[in-house]
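Enquirer:
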Amino acid sequence: MWPFSRKGSSGFSSSSTAEQVTEGIDGTGLTAIVTGASSGIGTETSRVLALRGVHVIMGVRNMLAAKDVKEKILKEIPSAKVDAMELDLGSMESVKKFASAFKSSGLPLNILINNAGIMACPFSLSKDKIELQFATNHIGHFLLTNLLLDTIEKTSRESKKEGRIVNVSSEAHRFAYSEGIRFNKINDESSYNNWRAYGQSKLANILHANELTRRLKEDGVDISANSLHPGTITTNLFRHNSAVNDSYQLVLDIQVVVECDGMLGSNCKVHDQVLYQLAFLNIEYRYAEEHRLINVIGKLVLKNVQQGAATTCYVALHPQVKGISGKYFSDSNVANTTAQGTDADLAKKLWDFSMNLTK
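In full-length UniProt numbering, the protein residues as written are 1 to 359.
1. Based on the DSSP output, what are the partners of Glu86 in its beta bridges?
2. When the Cα atoms are used, what is the spatial distance from Lys129 to Asn137?
3. For the alpha helix (DSSP H) that contains Leu148, what are its first and last residues?
4. Going straight from the alpha carbon of Glu211 to that of Leu125, what length do you get?
5. Buried or exposed: where does Ala344 fall if 16 or more other Cβ atoms within 10 Å of its Cβ makes it buried?
6. Just verifying my parser: in three-state terms, what is the DSSP assignment at Gly199?
7. Tell me which residue opens and which closes the alpha helix (DSSP H) that Arg182 is part of.
8. Since Gly163 contacts Asp222 with CB under 8 Å, what's their CB separation in whole angstroms?
9. Tell me the DSSP bridge mates of Thr35?
10. Taking Ala50 as the reference, give the member of Val60, Leu74, Ile41 with the closest Cα.
11. Write down the C-beta distance between Ile111 and Val305 rounded to the nearest angstrom, noting that I regard them as a contact closer than 8 Å.
12. Verify the CB distance criterion: does Trp351 have a CB-CB separation below 8 Å to chain B?
13. I'd like the span of the alpha helix (DSSP H) that includes Ile41, first residue to last.
14. Can Leu317 and Arg52 be called in contact, C-beta distance under 8 Å?
15. Check Lys81 in the structure and name its three-state DSSP category.
16. Where does Glu211 sit, in a helix, a strand or coil, going by DSSP?
17. Could you pull the start and end residues of the beta strand (DSSP E) that Ala335 belongs to?
18. Once DSSP output is grouped into helix, strand and coil, what is the label at Phe175?
19. Could you give the C-beta distance for Ile324 and Asn226, rounded to a whole number, given that I count them as a contact under 8 Å?
20. Would you say Leu228 and Gly341 are within 8 Å of each other, going by their C-beta atoms?
21. Apart from the five residues just before and just after Gly262, which ones in its own chain have a Cβ nearer than 7 Å to its Cβ?
22. Tell me where the alpha helix (DSSP H) around Phe98 begins and ends.
23. Quick check: the Cα distance between Pro108 and Lys160, rounded to an integer number of angstroms?
24. Taking C-alpha atoms, which residue in Arg6, His141, Asp68 lies nearest to Ile33?
25. Between the Cα of Gly24 and the Cα atoms of Lys348, Pro319, Lys349, which residue gives the shortest distance?
26. So, with DSSP's three-state summary, where would you put Val168?
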């Protein structure tokens, strides 16, 4: 991971792991839903929450993969409470079925982690005829959150504990289309850019949390809604892009050194932005497995899964976050977004747009 990572005000940095940021926290009695829990940071998030005593419900498309994840968690943590339920965020019917099944279980819901996502895939439409990245990364989670909100509110009221909604966004929100959300061109294939569309969906995650925060505060409900950037991580998200994949394929002939506040620190996001910008340029990274330098660069720039799940677990569980809502986190610290990420009018417009799509 990035060298000289500096701890922020939370006491954590880009190098902190999910276990480290939740050390000493007792989540016994809490119930959390984690979408996209069958791989990557979703799996690690589920494991660490279970380690802290949280009853984890994994919302997944692949039930066989979820079965393997559950078995591995139980092997490591025999006392863990982990269950899996089928959920396809790209299908409103599936989202409604999942929410109905969860409510029928009678379980409480303290934490909703909207983690599932797809990245930079070729243009296609969801089952509901919505551009797939926007549908999966935003609309599916928007609908799921609305359907489960009354359960989170009821749990918060009865347990007298703050409910938490966590949207896993990305620094890629900085590379959304110039207008932010293309309300009139969501399904426009002719001007579609796979990375811009991904950025658009991640910006939507931030705006969703912000507008939800405003509404929850108006209602006087003890529920927070925050968004976050997990870090640049090699996971299955990269399967659609030949330029950035699980091989730590990085450009060897470009060296970028950036000084932030006098040193390279956790507040410096340039390494993330460089990766995304290179991906936009569709640079084919040349990689030789035997080349030791590539492994060094990969370890310096990319987070491992344990580090990648840290900010999610921090925002979901840590007492430092109590009462904080409508914020964007990175490296387990509050961070800044683009101007569009704090645009209240854009957030409200997105909310209304999303409500119309999910009617």
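Built from N, CA and C at the ideal position, the CB exists for glycine as well.
Expert: If we stick to the structure as given:
1. As a first step, residue 86 is located in the sequence shown; it is residue number 86 there, counting from the start. Under DSSP, Glu86 takes part in a beta bridge, and its partners are Val60.
2. On the sequence shown, position 129 is the one that residue 129 refers to. On the sequence shown, position 137 is the one that residue 137 refers to. Between Lys129 and Asn137, the alpha-carbon positions lie close to 14 Å from each other.
3. What you label residue 148 is simply residue 148 of the sequence shown in a count that begins at 1. Note, Leu148: alpha helix (DSSP H), 140-159.
4. Taking the first residue of the sequence shown as position 1, residue 211 is located at position 211. Taking the first residue of the sequence shown as position 1, residue 125 is located at position 125. Glu211 and Leu125 have their C-alpha atoms some 26 Å from each other.
5. Position 344 of the sequence shown, counted from the first residue, corresponds to residue 344. An exposed status is given to Ala344, since fewer than 16 other beta-carbon atoms sit within 10 Å of its beta-carbon.
6. Position 199 of the sequence shown, counted from the first residue, corresponds to residue 199. The three-state secondary structure of Gly199, taken from DSSP, is helix.
7. The residue labelled residue 182 in the question sits at position 182 within the sequence shown. In this chain, Arg182 is not harboured by any alpha helix (DSSP H), its DSSP state being neither H nor E.
8. Here residue 163 refers to the residue found at position 163 of the sequence shown. Here residue 222 refers to the residue found at position 222 of the sequence shown. Rounded to the nearest angstrom, the Cβ distance from Gly163 to Asp222 is 7 Å, consistent with a contact under 8 Å.
9. The residue you call residue 35 lines up with position 35 of the sequence shown. Note: Thr35 sits in a beta bridge opposite Gly59.
10. Taking the sequence shown and counting its residues from 1, the one referred to as residue 50 is at position 50. For Ala50, the nearest C-alpha among the options comes from Leu74.
11. Residue numbering aside, residue 111 sits at position 111 when the sequence shown is read from its first letter. Residue numbering aside, residue 305 sits at position 305 when the sequence shown is read from its first letter. Actually they do not touch by this definition, with Cβ atoms about 20 Å apart.
12. Judged by its chain identifiers, the structure shown contains no chain B, having just a single protein chain.
13. Within the sequence shown, numbered from 1, the residue matching residue 41 stands at position 41. Its alpha helix (DSSP H) spans residues 40-51.
14. Mapped onto the sequence shown, residue 317 falls at position 317. Mapped onto the sequence shown, residue 52 falls at position 52. Cβ distance < 8 Å, so Leu317 and Arg52 count as in contact.
15. On the sequence shown, residue 81 is found 81 positions in, with the first residue counted as 1. The answer is coil: DSSP assigns Lys81 none of H, G, I, E or B.
16. Here residue 211 is taken as the residue at index 211 of the sequence shown, counted from 1. The DSSP-derived three-state label of Glu211 is helix.
17. Here residue 335 refers to the residue found at position 335 when the sequence shown is read from its first residue. Note, Ala335: beta strand (DSSP E), 333-335.
18. Taking the sequence shown and counting its residues from 1, the one referred to as residue 175 is at position 175. Looking at Phe175 - three-state DSSP - the assignment turns out to be helix.
19. Locating residue 324 in the sequence shown gives position 324, counting from the first residue. Locating residue 226 in the sequence shown gives position 226, counting from the first residue. Confirmed, about 7 Å.
20. Position 228 of the sequence shown, counting from 1, holds the residue named residue 228. Position 341 of the sequence shown, counting from 1, holds the residue named residue 341. In this structure, Gly341 does not lie closer than 8 Å to Leu228 by Cβ.
21. On the sequence shown, residue 262 is found 262 positions in, with the first residue counted as 1. Below a pLDDT of 50, predicted positions are generally treated as unreliable, and Gly262, at 32, falls in that range; the measurement from the model is reported next regardless. By the criterion of a C-beta distance shorter than 7 Å, Gly262 is surrounded by no residue of its chain, once the five residues flanking it on both sides are discounted.
22. Taking the sequence shown and counting its residues from 1, the one referred to as residue 98 is at position 98. Phe98 -> alpha helix (DSSP H) spans 92-105.
23. As a first step, residue 108 must be located in the sequence shown, where it is residue number 108. As a first step, residue 160 must be located in the sequence shown, where it is residue number 160. Going by the C-alpha atoms only, they are around 12 Å apart.
24. Position 33 of the sequence shown, counted from the start, is the residue given in the question as residue 33. Measuring from the Cα of Ile33, the nearest candidate turns out to be His141.
25. To locate residue 24, count along the sequence shown from 1; it is residue 24. For Gly24, the closest C-alpha among the options Lys348, Pro319, Lys349 is that of Pro319.
26. Here residue 168 refers to the residue found at position 168 of the sequence shown. Residue state for Val168 is assigned as strand, using DSSP reduced to three classes.
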